[in-house]
Each structure stands twice: as C-alpha cells, then as structure tokens.
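2 protein chains.
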Amino acid sequence: MAARMTRQRTAVVEALDELADFRSAQQLHETLRARGESVGLATVYRALQALADASEVDVLRAEDGESLYRRCARREHHHHLVCRHCGSTVEIDGPTVEAWASKVAAAQGFDDIEHTIELWGTCADCRAASVS
Amino acid sequence: MAARMTRQRTAVVEALDELADFRSAQQLHETLRARGESVGLATVYRALQALADASEVDVLRAEDGESLYRRCARREHHHHLVCRHCGSTVEIDGPTVEAWASKVAAAQGFDDIEHTIELWGTCADCRAASVS
DNA sequence: ACGCTTGTTGAGAACGGTTGTCAAAGATCG
DNA sequence: CGATCTTTGACAACCGTTCTCAACAAGCGT
Ligand SMILES: [Zn+2]
Ligand SMILES: [Zn+2]
Ligand SMILES: [Zn+2]
Ligand SMILES: [Zn+2]
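Those protein sequence lines, which keep their order, are chains A and B.
Its first residue numbered 1, the first sequence is counted upward by one per residue in our numbering.
Its first residue numbered 1, the second sequence is counted upward by one per residue in our numbering.
Shown next, in the form of structure tokens:
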C-alpha cells in the first residue's frame with residue numbers, strides 16, 4: 001500500500017518540474033529517454049496517473065483527444081490558457097465563471113456538477129515563429 | 001464534389017433528429033441497426049464528420065474521450081449542460097463567459113482563441129433512478 | 001549487510017474508439 | 001439506359017492507453 005520512491009517516479013516528477021508546459025505522456029517518455037534517464041512508457045503512464053489521483057498534476061485533453069499533463073503552481077481549482085502548438089500555459093482564475101457554472105447547472109435541476117473550462121490559442125512566441 | 005443524398009445519410013440525420021441527447025457514433029450505429037435501418041459503422045462516422053464540418057451537429061468529448069454528437073436547436077455558438085449518465089442536454093448561453101474568455105486570452109497575448117466550456121452533471125431523472 | 005516481502009517495472013499484447021482501404025454498389029445526369 | 005463518379009461497408013490499420021506477468025528492487029526486520 002505504501003508508495004515506494006523509485007528512480008522512475010522521481011525522474012517523471014523532475015521532468016514535469018522542469019517543463020512549464022502541458023505535455024503528453026509520450027512526449028515526457030521521449031524527453032526522459034533523450035536525457036538517458038530511460039523509463040518505460042507504461043511506467044510513465046502509471047506515474048502520471050498516480051500524480052493526477054493525488055492532485056499533484058493537472059490533466060486536460062488536447063483537441064485530438066490526447067491527455068496532457070502539467071505540474072501547476074497552485075493546488076487550488078483553476079483553469080488554463082494553453083498554446084495549442086507548444087503547450088505553453090497560463091493559469092487562470094475565474095471566480096465569476098465558477099459562480100455562473102454552478103448557478104446555471106443548479107437552475108436546471110442537475111446534481112454532481114463539474115465544469116470543463118479551458119482556453120486554447122496561439123502564444124506570442126508561436127505566432128512570431130509562424131510569421132517568419 | 002456534390003454531396004449525394006443517400007439512404008444512409010438521411011437515416012443518420014433522422015436518428016439524430018429524434019434523439020434529443022448527445023450520443024456516441026457507436027450508440028447511433030446500434031440504434032439504426034436495431035430499427036432495421038442498418039448502416040455501416042464507418043459510414044456513421046463519416047456522416048457525423050460531414051455534419052460536424054457543416055456545423056449541423058455539435059460535437060463534444062465525454063470524460064472517457066469518446067466523441068458525442070447532437071443536433072442542437074440553435075445554430076449559433078452556445079454551450080451545454082449534459083447528464084453524464086444519459087446524455088440528456090440543456091443548451092446554455094453565457095454572454096458574460098464569452099466576454100470573459102476572450103478578454104483573458106487577449107490579455108496574455110494569445111491569438112486564435114477558442115474556448116471549451118461544458119458543464120457535466122446528473123439530471124433529475126437519473127438521480128431519481130439511482131435512488132430507488 | 002542480508003534476506004524477505006511486496007510494491008514496481010517494462011516489453012509486449014490487448015483494448016477501444018476512430019480512420020483508412022478498396023472493390024462493389026448506387027446516385028446523378030445526359 | 002449507360003457512363004461517371006461519389007458513397008458504401010467489411011475489414012485492416014492506427015494510436016493512445018491499459019493490461020499482463022515474470023523479473024526486479026525498495027523498504028524493513030534481523
Ligand atoms: Zn506556443
Ligand atoms: Zn472552475
Ligand atoms: Zn440523465
Ligand atoms: Zn462560448
């Protein structure tokens with residue numbers, strides 16, 4: 001039952017800490033492999049899953065359905081503005097949106113309400129790169 | 001180049017019109033098969049894809065990643081409150097949210113902004129059913 | 001330091017939704 | 001009706017993710 005500290009687990013956490021952006025499991029796997037700190041793909045998935053369960057990482061789905069992971073600065077509920085090209089991310093607070101979402105849902109007689117609110121765009125860097 | 005009107009295409013559209021809720025491609029395929037109006041699964045996917053491209057149906061992703069389709073009453077931009085058990089749906093307007101989303105993204109220097117705003121819950125019917 | 005126990009790893013198979021393949025079927029038009 | 005050219009559908013391929021299970025190693029008691 002006790003979670004053991006393994007080389008692989010720490011490697012995944014470290015990689016996430018160094019990367020400020022949302023990354024897919026496969027990207028992380030490749031990053032680790034590239035720096036010699038090789039970890040099995042299944043293990044990367046398991047580590048990310050465990051971190052997500054512990055609310056240590058945020059997960060969101062790219063437009064193509066792939067899951068993206070990120071170790072956010074704040075642990076409290078928040079949303080993201082994400083560059084769809086490079087994964088660059090800004091954390092977003094939306095107090096008014098939070099209130100709006102729960103009010104609307106309750107007014108329709110719905111329970112166990114959750115909301116998905118994510119903003120996608122092209123960051124300044126990627127725009128500059130694509131212009132050249 | 002001209003889109004031809006085929007039995008399969010009309011069958012998919014009719015099934016969508018009769019169903020008020022978000023449904024997966026496989027659910028629709030099964031529904032059609034059950035009523036004798038048999039259509040190949042690949043064809044169901046292609047028809048839904050074409051309808052989505054023409055903005056005739058809305059598409060959203062369930063929490064498990066499956067795509068769900070619905071022919072909404074209004075063609076204009078809107079969002080949804082969806083029962084995660086039965087797909088029952090309420091269309092939602094959020095003028096304040098729209099303004100909030102574009103303002104926040106622009107303030108961070110992002111371009112080509114899109115937003116994903118969906119509300120998930122348990123509808124009154126499903127709650128009543130689960131209590132019994 | 002040394003086993004023991006038990007959680008963890010990793011290569012590959014399996015899975016599930018979705019898309020591609022391509023010969024046969026059929027919608028449209030002259 | 002016949003020619004044309006899109007559409008269909010059974011099936012394979014794809015791709016991200018999860019499962020399997022024997023080998024491995026963390027933590028612990030000695
Ligand atoms: Zn970018
Ligand atoms: Zn929120
Ligand atoms: Zn329901
Ligand atoms: Zn909107």
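All residues carry an ideal CB built from backbone N, CA and C; glycine is no exception.
All figures in this text were calculated on a predicted structure; none of them were measured in a lab.
At the C-beta level, residue 12/A and residue 47/A come within 9 Å of one another.
Nearest CB-CB separation between residue 61/B and chain A: below the 9 Å threshold.
In the structure shown, residue 60/B adopts extended strand secondary structure according to DSSP, grouped into three states. In this structure, ligand 2 has no non-hydrogen atom nearer than 8 Å to the beta-carbon of residue 52/A.
Taking CB atoms only, residue 77/B has no neighbour in chain A less than 9 Å away.
Within the same chain, 126 come within 6 Å of residue 86/A by CB-CB distance, once the 5 residues on both sides are set aside. For residue 6/B, no beta strand (DSSP E) encloses it, and the DSSP letter there is neither H nor E. The beta carbon of residue 102/B lies closer than 7 Å to those of 113 in the same chain, with the five residues before and after it left out. The beta carbon of residue 108/B sits closer than 9 Å to some beta carbon of chain A. For residue 125/A, there is no enclosing beta strand (DSSP E); the residue is part of the alpha helix (DSSP H) that begins and ends at 124 to 131.
When C-beta atoms of the stretch 78 to 93 of chain A are compared with those of the stretch 71 to 86 of chain B, fewer than three pairs fall below 8 Å, so the two segments do not count as touching. Residues of chain B with a Cβ closer than 8 Å to the Cβ of residue 131/A do not exist; the shortest Cβ-Cβ separation is about 11 Å.
Cβ atoms of residue 66/A and residue 24/A come within 8 Å of each other, at about 5 Å.
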